[in-house]
Amino acid sequence: MKVKNLNNTSGRKAPKGYASWLDYWQQQMKSYGNTKCRNNSCTSYAEVGGHVFSPDGRTSDHWYIVAICKSCNAVAVSYDVDVNSLIRIT
Ligand SMILES: [Zn+2]
């Protein structure tokens with residue numbers, strides 16, 4: 335599924351009980367330790383739990399968390415992730 339990074343989310347704290355959004359993603363996914371960046375065209379390790387949305391106009395009112403590396407978290411263009419790698423938060 336194509337996703338785009340949401341801007342200005344650095345002030346959004348992870349839910350209570352989670353050290354970070356990456357910790358939140360890992361605990362929801364039961365995927366611990368080193369995690370690959372979920373951008374399908376990236377081979378780095380994930381470093382953050384990024385806030386993304388779908389730019390397709392149909393589901394863009396939903397926000398998701400996805401494990402990605404810092405450089406993917408900074409891109410302005412859309413990228414492809416497996417739908418199973420997304421955790422819907424809104
Ligand atoms: Zn990446």
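Using the working numbering, the letters of the sequence shown correspond one by one to residues 335 to 424. Just so it is clear, CB atoms sit at the ideal spot from N, CA and C, and this is done for glycine as well.
Worksheet item: Looking at the structure shown, is Tyr352 part of a helix, part of a strand, or coil, going by DSSP?
Response: coil
Practice prompt. Excluding the 5 residues preceding and the 5 following Tyr358 in the sequence, name in chain order all residues of the same chain whose CB lies nearer than 8 angstroms to its CB.
Written response: Ala348, Pro349, Tyr352, Gly383, Ile399 and Ile421
Discussion item. At a cut-off of 7 angstroms, would you count Ser365 as near ligand 1, judging by its Cβ distance to the nearest heavy atom?
Written reply: no
Item to complete: Go through the residues and name those whose CB comes closer than 7 angstroms to any heavy atom of ligand 1, in chain order.
Response: Cys371, Asn373, Cys376, Ser378, Ile402, Cys403, Ser405 and Cys406
Worksheet item: Would you say Lys338 reaches chain B, if we count a Cβ-Cβ gap shorter than 8 angstroms as a contact?
Response: Of the chains in the structure shown, none is chain B; there is only one protein chain.
Worksheet item: Nearest to Asn342 by alpha carbon, out of Asn418, Ser405, Val386 and Thr377?
Response: Val386
Item to complete: Provide the residue span of the beta strand (DSSP E) that contains Lys347, from first to last.
Response: That residue, Lys347, is in no beta strand (DSSP E); it is neither H nor E in DSSP.
Worksheet item: Is the distance from the Cβ of Asn339 to the Cβ of Val417 below 8 angstroms?
Response: no
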